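Residue numbers (my numbering): 1098 to 1308.
Built from N, CA and C at the ideal position, the CB exists for glycine as well.
Note that the structure is a prediction, hence the values are computed from the model and not measured.
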Amino acid sequence: MPATDDDAEPDPDVPLAGPGAGVDEARVAAAVAELLAAIGEDTDRDGLADTPARVARMWTEVAAGLHEDPRRHLKVTFEADHDEMVMVRDIPLYSMCEHHLVPFTGQAHVAYIPNDDGRVIGLSKVARLVDGYARRPQVQERLTAQVADALSETLDPRGVMVVVEAEHLCMSMRGVQKAGTTTVTSAVRGLFRSSVATRQEAMRFITRGAR
Ligand SMILES: Nc1nc2c(ncn2[C@@H]2O[C@H](COP(=O)(O)OP(=O)(O)OP(=O)(O)O)[C@@H](O)[C@H]2O)c(=O)[nH]1
Ligand SMILES: [Zn+2]
1098 MPATDDDAEP DPDVPLAGPG AGVDEARVAA AVAELLAAIG EDTDRDGLAD TPARVARMWT
1158 EVAAGLHEDP RRHLKVTFEA DHDEMVMVRD IPLYSMCEHH LVPFTGQAHV AYIPNDDGRV
1218 IGLSKVARLV DGYARRPQVQ ERLTAQVADA LSETLDPRGV MVVVEAEHLC MSMRGVQKAG
1278 TTTVTSAVRG LFRSSVATRQ EAMRFITRGA R
């Protein structure tokens, strides 16, 4: 178990979370050790010896999005002479339900229509944007809207549509225990909102592909 200093008060001038702060791994490890003790585990047994530090490293990964501005991935655009829909579909999604701190997992589908300048972003940046908002304690609706707003406000496209489908382990493994339930959320902006035909075309791509 990592050493902790019980007397140390957190410095109020040093942010413990938020941009620039990073994950305080020693503090997470201490909390995990306390959690294991509180659920009645034997924290001295071999299998748990490295668990607090291991879980702390995991939180550095799964909460990484708290410590970056995901919009940074949208800074570079390039000329593609393309002013019609671009969709990145079936992006694997792993996030943490902020109510229970268990994962929700599924796919994100992200579409946008560039504005008249025909400039686009790299396709991988769409997936990086989704990761940035997923890697933090989240609810699915906010995640969906954050991805849509980031694209809408950064690229000024003619339209944005984000659809997220996910299974929440808090609904599957505990509580109501409805494994296999999928929650679908969407956020539509611009042309996808005002034009039924455009939205339907996007939905067709999401559900059936372009074939
Ligand atoms: N809208 C929304 N709800 C979520 C999300 N993730 C989890 N929830 C729900 O958050 C709610 C929290 O409800 P509470 O009554 O405070 O907690 P609880 O007693 O653990 O609820 P149960 O899960 O019904 O046992 C539950 O209904 C969850 O299904 C999400 O991303 N979006
Ligand atoms: Zn939950």
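Counting along the chain, M1193 sits inside the beta strand (DSSP E) bounded by residues 1183–1194. Looking at the backbone, the Cα of T1251 and that of K1172 are separated by about 8 Å. Excluding its 5 nearest sequence neighbours in each direction, E1131 has no C-beta neighbour in its own chain below 6 Å. Taking the Cβ atoms as the reference, H1206 lies roughly 12 Å from M1182, outside the contact range of under 8 Å. Scanning its chain for C-beta atoms nearer than 6 Å, with the 5 sequence neighbours on each side dropped, one finds around V1223 the residues V1185, V1207, in chain order.
The alpha carbon of V1129 has as its nearest neighbour, out of G1137, V1120, G1119, T1148, the alpha carbon of T1148.
A1231 sits in a helix when the DSSP states are folded into three classes.
The beta carbon of H1196 lies closer than 7 Å to those of C1267 in the same chain, with the five residues before and after it left out.
A1245 sits in a helix when the DSSP states are folded into three classes.
Three or more Cβ pairs closer than 8 Å define a contact, and the stretch 1275–1287 falls short of that threshold against the stretch 1160–1168.
Membership of I1303 in the alpha helix (DSSP H) is indicated by the continuous run 1293–1305. Shown here, G1203 sits in a strand according to DSSP, grouped into three states.
Taking 7 Å as the cut-off, one finds no heavy atom of ligand 1 near enough to the beta carbon of G1137.
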